[in-house]
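Residue numbers (my numbering): 1069 to 1274.
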């Protein structure tokens, strides 16, 4: 075996002495032992997304003061005045509330039609209005007792803070002055838009 394994050649190559190797250091013991069993269900991991959100491009036909027609939602068919675009890409609009009942609110530009009618909004300060202004405050839910569990509770209506009511009045006051300076504009904003028999939407000029 000594000859067959070639040990004589290794010994002769190293000056008649077998080479010695230092023992390898033992790997450090893991801090946490791996689990003995693995879950049978696959755990979903979110995919890595390196895309950075880009600001929403505003349509060229929508500029501050443009009268828009809302196409969907609670105020469908109402005409509103565009004030500015928020950081989320949504449009800040108002009726004004005193004319057609539409308060300061956010609207997606996909659900509005821009008209050729303009209102002067240069004297209105809208710097304080952002997406946080319209965010809902999280309310803590109260735990129900045994007696309250079976009792039907009346739903409390959301009460608008006085600060927001004052903001609405301030914006409306400046906007109504500009609207009253244009003949028939107040009646135009107060009228609801709707299609009648024989009207073709693709042929209308707004």
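Quick reminder that beta carbons are idealized off the backbone N, C-alpha and C, glycines included.
At the C-beta level, residue 1152 and residue 1160 come within 8 Å of one another.
Fewer than three pairs of CB atoms, one per stretch, sit closer than 8 Å, so the stretch 1099-1109 makes no contact with the stretch 1124-1143. Contact between the stretch 1241-1259 and the stretch 1174-1189 is established, with three or more Cβ pairs separated by less than 8 Å. Counting C-beta atoms within 10 angstroms of its own C-beta, residue 1073 has fewer than 16 neighbours from the protein chains shown and is therefore classed as exposed.
Residue state for residue 1105 is assigned as coil, using DSSP reduced to three classes. Look at the stretch 1160-1204 and you find these whole runs of alpha helix (DSSP H), each 4 residues long or longer: 1165-1168. At a Cβ-Cβ threshold of 8 Å, residue 1199 and residue 1136 do not count as neighbours. Looking at 1127, 1257, 1081, the one whose alpha-carbon comes closest to that of residue 1243 is 1257. The beta carbons of residue 1170 and residue 1204 sit no closer together than 8 Å. Residue 1263: not part of any beta strand (DSSP E); DSSP gives it neither H nor E.
For residue 1247, the uninterrupted alpha helix (DSSP H) segment begins and ends at 1230-1248. Counted as a single uninterrupted DSSP element, the alpha helix (DSSP H) harbouring residue 1079 occupies residues 1075-1081.
Beta-bridge partners of residue 1150 (DSSP): 1161. Non-local C-beta neighbours of residue 1143 in its own chain, meaning closer than 6 Å and more than five positions away in sequence, comprise 1170, ordered along the chain. In the structure shown, residue 1136 falls within a strand segment according to DSSP collapsed to helix, strand and coil.
The Cβ atoms of residue 1162 and residue 1172 sit closer than 8 Å to each other.
Assignment of residue 1253 by DSSP, reduced to helix, strand and coil, places it in the helix class.
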